[in-house]
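Taken in order, the sequence shown gives residues 3 to 591; the numbers are from the numbering used here.
Just so you know, even glycine gets a beta-carbon here, dropped at the ideal spot from N, CA and C.
Input: a single structure, listed below in structure tokens.
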Amino acid sequence: MTGGEKRFARRLEAKLEDDYLVWYDVPVGSRGFHPDFIVLHPRRGLLVLEVKDWRLDTIKAIHRFRASILTARGLVSEANPLEQARGYACAIASLLQKDPALVASGGHPYAGKLLFPWGYGAVLANITRRQFESTDLGEVLAPHQVICQDEILEDVDTEAFQQKLWGMFSVQFGEVLTLPQIDRIRWHIFPEIRIGAAQAELFENTEEPLPDLLRVMDLQQEQLARSLGEGHRVIHGVAGSGKTMILAYRCLHLARAMNRPILALCFNVPLATRLEALLREQGLEDQVSVRSFHAWCRSQLVHYHVPLPSDGKDYADQLVQRVIKAVDRQQIPAGQYGAVLIDEGHDFAAHWLKLLAQMVDPATNALLLLYDDAQSIYGKSRRGKFSFKSVGIQAQGRTTILKLNYRNTTEVLRLAHAFAKDVLTPADADEDGVPLVLPESSARHGPPPELVRLPSFSAEADYIADRLCALHGEGTPWRDMAIVYRNHFMGEKLTSRLAAAGVPVDWLHRSHDSRRYRTGEDSVKVVTFHSSKGLEFPVVAIPGMGYLPHEHDDPEDEVRLMYVAMTRAMERLVITYHRESAFVARLAR
Numbered sequence: 003m004t005g006g007e008k009r010f011a012r013r014l015e016a017k018l019e020d021d022y023l024v025w026y027d028v029p030v031g032s033r034g035f036h037p038d039f040i041v042l043h044p045r046r047g048l049l050v051l052e053v054k055d056w057r058l059d060t061i062k063a064i065h066r067f068r069a070s071i072l073t074a075r076g077l078v079s080e081a082n083p084l085e086q087a088r089g090y091a092c093a094i095a096s097l098l099q100k101d102p103a104l105v106a107s108g109g110h111p112y113a114g115k116l117l118f119p120w121g122y123g124a125v126l127a128n129i130t131r132r133q134f135e136s137t138d139l140g141e142v143l144a145p146h147q148v149i150c151q152d153e154i155l156e157d158v159d160t161e162a163f164q165q166k167l168w169g170m171f172s173v174q175f176g177e178v179l180t181l182p183q184i185d186r187i188r189w190h191i192f193p194e195i196r197i198g199a200a201q202a203e204l205f206e207n208t209e210e211p212l213p214d215l216l217r218v219m220d221l222q223q224e225q226l227a228r229s230l231g232e233g234h235r236v237i238h239g240v241a242g243s244g245k246t247m248i249l250a251y252r253c254l255h256l257a258r259a260m261n262r263p264i265l266a267l268c269f270n271v272p273l274a275t276r277l278e279a280l281l282r283e284q285g286l287e288d289q290v291s292v293r294s295f296h297a298w299c300r301s302q303l304v305h306y307h308v309p310l311p312s313d314g315k316d317y318a319d320q321l322v323q324r325v326i327k328a329v330d331r332q333q334i335p336a337g338q339y340g341a342v343l344i345d346e347g348h349d350f351a352a353h354w355l356k357l358l359a360q361m362v363d364p365a366t367n368a369l370l371l372l373y374d375d376a377q378s379i380y381g382k383s384r385r386g387k388f389s390f391k392s393v394g395i396q397a398q399g400r401t402t403i404l405k406l407n408y409r410n411t412t413e414v415l416r417l418a419h420a421f422a423k424d425v426l427t428p429a430d431a432d433e434d435g436v437p438l439v440l441p442e443s444s445a446r447h448g449p450p451p452e453l454v455r456l457p458s459f460s461a462e463a464d465y466i467a468d469r470l471c472a473l474h475g476e477g478t479p480w481r482d483m484a485i486v487y488r489n490h491f492m493g494e495k496l497t498s499r500l501a502a503a504g505v506p507v508d509w510l511h512r513s514h515d516s517r518r519y520r521t522g523e524d525s526v527k528v529v530t531f532h533s534s535k536g537l538e539f540p541v542v543a544i545p546g547m548g549y550l551p552h553e554h555d556d557p558e559d560e561v562r563l564m565y566v567a568m569t570r571a572m573e574r575l576v577i578t579y580h581r582e583s584a585f586v587a588r589l590a591r
């Protein structure tokens, strides 16, 4: 920010109430226009402002479109700030007016135009009102559309400051924008915050059909994604709070802002594949490398000619240890990446995180860690207790907690929480620790989860196959369905049963290499509890509840696993069993 922009931003923050929304220097539409400030108020309307730090003696000439300004580099030509703001405001208004939901209908005094006023203005941060009026600037810059230096002082009256802003409008409607209407505005002018929609060439492709339900980041998610800033950052987010979406947004932002390679890591291979496909759609595959952690370790060893370990049960651990030792002896260089972003950080061991912190270029120092201890499913020995500072992550003062769950309906989330509530006890931690956060529902509703008892596991497989076929007949695509299972025989049985029924099925398990996960293929996905992490489907079926928990596994870890499996269901959850078990009793209580 320039000095004038900083001062004006402070006045906006201090003098405007919480129902104002303000964006600073955010690209608008596919052309990437960068208004200095966009101000939106549900009752007032939308305002575009340009700020100039010009002084009176540096303005050598000014006309409607251009100004000649004396700078340290000599005389330069710059845009007239009022004309610049007008151009941005007109482009935004033209874009929004193509949405019928934002246009006044017949009977309204402004029928056919936007439902809300829009305006534009300029801020002359180093020219007082008296100086302005002593010149002929008012012939080029309409006085009521200009805010001067003495009108953005710290002690300026709040009402007077707001009146300066809203005096820039030529009309006042007196109506109030609803929250859905505000989301529609955000959906149009900031396409990068859309959920599940490709970036649209909005200023050229105005014929794009609008979805019935506009899904955008909520304001906290958008603010977080835009304002992460420099340094190490940690986001503690519950399941379904949009952590992976924020990571993808951050990759896009960093790829535009820096010329260095960027590394995005997950623990789960299917999640890494899904994220890689998402970033490939944005054309970022050459700059952003997306890997599962162990795949990245292997690629480092191969690239720097470090011998791979022999196959065996400790192969994965040996991969990691060899990379650590090679970095210590500088055979593998540290600081390789302009930014490192880590999803599923709750499943990363402390020494993994310490290794990755060393991979960030100190010149950029950009590290983002996404964390949800409630989804940590790989055992207490791996999780352990540690501080972020102890592994080289300096995030004090730069942590955020996302509590609102958007993935699941209230009904699904209520069942999952009731099932695991004695294990997922909320726990606070200091800013450098790892808190356990319980989710809050976004109040989206759907059908109640189904818990169905059947005479045998074969009958469970038949029921699930028939249930999915029925849902498909009602219009649900195969790609929106998944079967999440705990034991290998369950996946094998369900896959065979679906194939026999003519259902396209994609069975993802380690022996079939889950890197083949194809996000767009219209098939039912059959995945293990572990491999389902980070994924989501409108319909999820979980078979074999009567076999759980495993008697030789830690009961708390088994509950966490089941919690993860249940929260993969966005709308409909079907659970089957044919015999009683501790988990069945938990669900029925």
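Please name the residue in the options whose C-alpha comes closest to that of residue i.
i, options, result
"GLY76", "ILE187, VAL240, LYS62", "LYS62"
"ARG455", "LYS391, ARG499, SER583", "SER583"
"VAL325", "LEU310, TYR373, LYS315", "LEU310"
"GLU153", "TYR549, PRO457, LEU14, LEU510", "LEU14"
"ASN128", "MET170, LYS8, LEU23", "LYS8"
"LEU97", "LEU126, ILE64, THR60, PHE35", "PHE35"
"THR595", "TYR549, ALA543, ARG591, ARG581", "Absent from the model: residue 595. The displayed extent of the chain is 3 to 591, so no value can be given."
"ARG293", "TRP189, PRO272, SER312", "PRO272"
"HIS419", "TYR565, SER243, HIS65, GLN147", "TYR565"
"HIS190", "ILE94, SER243, ALA144", "ILE94"
"ASP220", "GLY233, ILE248, HIS234, ARG235", "ILE248"
"ARG331", "HIS43, ALA397, VAL308", "VAL308"
"ALA502", "ASP101, ALA259, ARG591, ASP468", "ASP468"
"HIS65", "ALA297, LEU369, ASP138, ASP464", "ASP138"
"PHE491", "GLY504, LEU473, PHE459", "PHE459"
Can the beta-carbon of residue i be found closer than 8 Å to that of residue j?
i, j, result
"ASP374", "ALA241", "yes"
"LEU267", "LEU358", "yes"
"GLU442", "ILE577", "no"
"ALA257", "LEU277", "no"
"LEU537", "PHE421", "no"
"ILE237", "ALA341", "no"
"VAL541", "THR497", "no"
"TYR22", "ALA11", "no"
"LEU48", "PHE39", "no"
"GLU523", "ARG581", "no"
"LEU355", "VAL304", "no"
"VAL125", "ILE149", "yes"
"ALA328", "TYR306", "yes"
"GLU287", "LYS535", "no"
"VAL507", "MET547", "no"
"ARG186", "ALA103", "yes"
"ALA74", "GLY123", "no"
"VAL528", "GLY493", "yes"
"MET170", "GLN151", "no"
"LYS17", "PHE163", "yes"
"SER533", "LEU500", "no"
"CYS253", "LEU281", "yes"
"THR591", "LEU550", "According to the sequence as given, residue 591 is Arg; it is not Thr. Cβ distance not < 8 Å, so ARG591 and LEU550 don't count as in contact."
"LEU470", "VAL414", "no"
"MET361", "ALA397", "no"
"ILE344", "LEU321", "no"
"HIS234", "LEU116", "no"
Spatial neighbours of residue i within its chain, please: C-beta separation below 8 Å, excluding the five flanking residues on both sides.
i, result
"GLN201", "For GLN201, the pLDDT reaches just 34, beneath the cut-off of 50, and the residue's location in the model is therefore unreliable, leaving the point undetermined."
"THR4", "VAL53, ASP55, ALA127"
"VAL142", "ILE64, HIS65, ARG66, ASN82, LEU84"
Whose C-beta lies closer than 6 Å to the C-beta of residue i among residues of the same chain, with five residues either side of it excluded?
i, result
"ASN207", "Here the model assigns ASN207 a pLDDT of 40, short of 50, so the residue's position is not dependable, and the following value carries that caveat. Answer for ASN207: no residue qualifies."
"SER513", "Because SER513 carries a pLDDT of 39, less than 50, the predicted location of this residue cannot be relied on, and no value is offered for it."
"ARG409", "GLY242, GLU538, MET572"
"THR402", "LEU226, ILE237"
Does any CB atom of chain D fall closer than 8 Å to the CB of residue i?
i, result
"ASP152", "Going by chain labels, chain D is absent from the structure shown, which holds only one protein chain."
What does a CB cutoff of less than 7 Å around residue i pick up in its chain, not counting 5 residues either side in sequence?
i, result
"TRP168", "ARG46"
"VAL425", "GLU558, VAL561, ARG562"
### Query
Should the segment 175-191 be regarded as contacting the segment 139-159, the criterion being three or more beta carbon pairs within less than 8 Å?
The segment 175-191 is not in contact with the segment 139-159.
### Query
Would you call the segment 129-139 and the segment 97-111 in contact, with 3 or more CB pairs under 8 Å?
In short, these stretches do not touch, since the Cβ pair count stays below three.
### Message
Extract the residue ranges of the beta strand (DSSP E) inside the segment 464-543, only unbroken runs of 3 or more that lie entirely within it.
### Response
483-487, 507-510, 526-530
### Query
Which runs of the beta strand (DSSP E) fall wholly inside the segment 37-81 and span at least 3 residues, in chain order?
39-43, 47-54, 61-64, 68-73, 76-81
#### Entry: Whole runs of the beta strand (DSSP E) within the segment 333-371, excluding any shorter than 3 residues
341-344
### Query
Hey, which unbroken runs of the beta strand (DSSP E) at 3 residues or more fall wholly within the segment 123-157?
Correct list: 148-150.
### Task
Can you check the segment 231-282 for any alpha helix (DSSP H) of at least 4 residues that lies completely inside it and give the ranges in chain order?
Secondary structure remark: continuous alpha helix (DSSP H) runs of at least 4 residues inside the segment 231-282, in chain order: 245-259.
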